[in-house]
Amino acid sequence: YGYSSPDSYEIATSIVDWRDRDDMCIGAPGEKENEHYSALLGQRIRSDTAAEDLIYQSRNESFLTEDELLDVFGITPELYYGYDPADLEAQEAAVRERLAVGKKVVTRKQSRKRQERRPLREIITVRGSGRVNLNTASKEVLTILFYAANNASNFETAEAAAESIVKFRGGPGTNKRPDPDDAFKSLADLSKVPGLNSALLAQLSSAGALGVQMTFRSSVFRITGIGRVGSTEKMVQAIVTRNLDTYNPDDARLLSNRGKLGGGAAERGGFAIRGRLGRNRRDEVDNFIRIPAIRVLQWIE
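Each residue of the sequence shown is one higher than the last, beginning at 4 in the numbering used here.
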């Protein structure tokens, strides 16, 4: 993202300070978080300045939403969104003014580097298990993973390894359609990726020592819906979780409520039929009922 080491370190420590439980600043030992960041924002701190009068107030709790990052020192709208909403609003106002007086509007394309840089909000989440899914992780996340696993010694090598994985998987930004048969099922499958040698794979395997766990399946997803009517556009997003709920049809609570769950469930199907289907599919290993369930965690408009 174009940040030098001192600046990137300051942003990283401010994120940790926001979510950790204490009020001591990591980047400035001996200083309190709110006083330190309030001073950086230009507030003059005096000996009689009350804690509640400080303009910066760390939550000292886990993030509830991704947008909360915008309250953290060092996280700019351009870094988070990929653009500055204030600049975009000014540009749109200028376009409206030119159109109003009959002038021609010329749109300028973004530079290639700017287009390739994904905004921070697209590569982070406050949901899920915290594991990195190697089948879906972005190039940026994979680059960070390789870079950290190699003790931050060579960023270019880490970025090249991440790009090799993304190209092998296929999808947006590549010339290849995703193939389910190419999905990674274990770290050993990464040996199929051209450009990944044994040393790089060993680095990735050691990422667990950094507290990073890798997985090959996801359970939390973001669904985006965009509706357009004329020039009006509306977007809604939903953060959902996917689980396989398991029920025991012999559970006393289900048996006592069988009639309430649709009345005559046994005659029409319900749990009785699902139980039999479950036994047939699983060769009578058990009679549990397994139902795929999608639940909404957050709705965003």
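Idealized CB from N, CA, C, for every residue including glycine. Predicted, not measured: the structure shown is a model, and the values here were computed from it.
Residues near residue i by beta carbon distance below 8 Å, same chain, minus five either side
i	result
leucine 247	Arg293, Ile294, Pro295, Ala296
glutamate 69	Arg124, Ile127, Thr128, Val129
lysine 188	Phe219
glycine 173	Lys179, Arg180, Pro181, Asp182, Asp185
leucine 193	Leu137, Ile168, Phe187, Leu199, Leu204, Leu207
Start-to-end residues for the alpha helix (DSSP H) that takes in residue i
i	result
valine 168	Per the sequence shown, the amino acid found at residue 168 is isoleucine instead of valine. Its alpha helix (DSSP H) spans residues 158-172.
valine 144	142-152
asparagine 37	36-43
proline 197	It is not in any alpha helix (DSSP H) - proline 197 carries neither H nor E in the DSSP assignment.
leucine 193	Taken as a continuous stretch (DSSP letters only), leucine 193 belongs to no alpha helix (DSSP H), as it is neither H nor E.
tyrosine 83	80-84
When the options are compared against residue i, the one with the closest alpha-carbon
i	options	result
alanine 31	Gly133, Gln46, Ile14	Ile14
methionine 238	Ile226, Thr249, Arg47, Arg245	Ile226
phenylalanine 158	Leu203, Asp184, Asp192	Leu203
asparagine 153	Gly131, Leu190, Gly176, Ala205	Ala205
glutamate 71	Ile18, Asp23, Ala42, Asp87	Ile18
proline 252	Asn136, Phe291, Ser201	Phe291
arginine 298	Ser65, Asp254, Ile242	Ile242
arginine 22	Leu43, Leu67, Gly131	Leu67
threonine 139	Pro181, His39, Ser156	Pro181
threonine 249	Leu44, Thr235, Asp289, Lys188	Asp289
methionine 217	Ala255, Val135, Phe224, Arg256	Val135
Same chain, Cβ closer than 7 Å to residue i, neighbours up to 5 away in sequence not counted
i	result
valine 196	Ser167, Ile168, Phe171
lysine 142	Ala165, Glu166, Val169
leucine 43	Phe76
tyrosine 59	Asn37, Tyr40, Ser41, Leu44, Phe76
proline 122	Tyr83, Tyr84, Gly85
Segment limits, beta strand (DSSP E) that includes residue i
i	result
tyrosine 250	235-250
valine 300	According to the sequence as given, residue 300 is leucine; it is not valine. Element bounds for leucine 300: 292-303.
threonine 227	223-232
Assumed close pair residue i, residue j - CB separation to whole angstroms, cut-off 8 Å
i	j	result
valine 215	leucine 148	6 Å
alanine 164	glycine 198	7 Å
serine 208	leucine 190	6 Å
glutamate 64	isoleucine 48	Actually they are not in contact, since the Cβ atoms of glutamate 64 and isoleucine 48 sit about 24 Å apart, beyond 8 Å.
proline 80	aspartate 87	5 Å
Pairwise C-alpha distance: residue j and residue i
i	j	result
methionine 27	serine 222	35 Å
isoleucine 78	glycine 33	23 Å
threonine 244	phenylalanine 219	16 Å
phenylalanine 76	serine 11	12 Å
glycine 85	alanine 53	36 Å
arginine 231	leucine 57	44 Å
glutamine 46	glutamate 55	13 Å
tryptophan 302	isoleucine 229	14 Å
glycine 131	tyrosine 40	30 Å
serine 234	glycine 176	27 Å
glycine 265	leucine 300	The predicted position of glycine 265 is uncertain, since its pLDDT is 49 and thus under 50; no value can be drawn from it.
arginine 256	threonine 16	50 Å
alanine 89	aspartate 254	57 Å
proline 9	serine 156	16 Å
glutamate 236	phenylalanine 224	23 Å
Chain-order list of residues whose beta-carbon lies under 6 Å from that of residue i (same chain, five-residue window excluded)
i	result
glutamate 36	Asp20, Asp26, Cys28, Ser61
glycine 133	none
alanine 161	Thr146, Phe149, Tyr150
glutamate 304	Val239
arginine 24	Asn63
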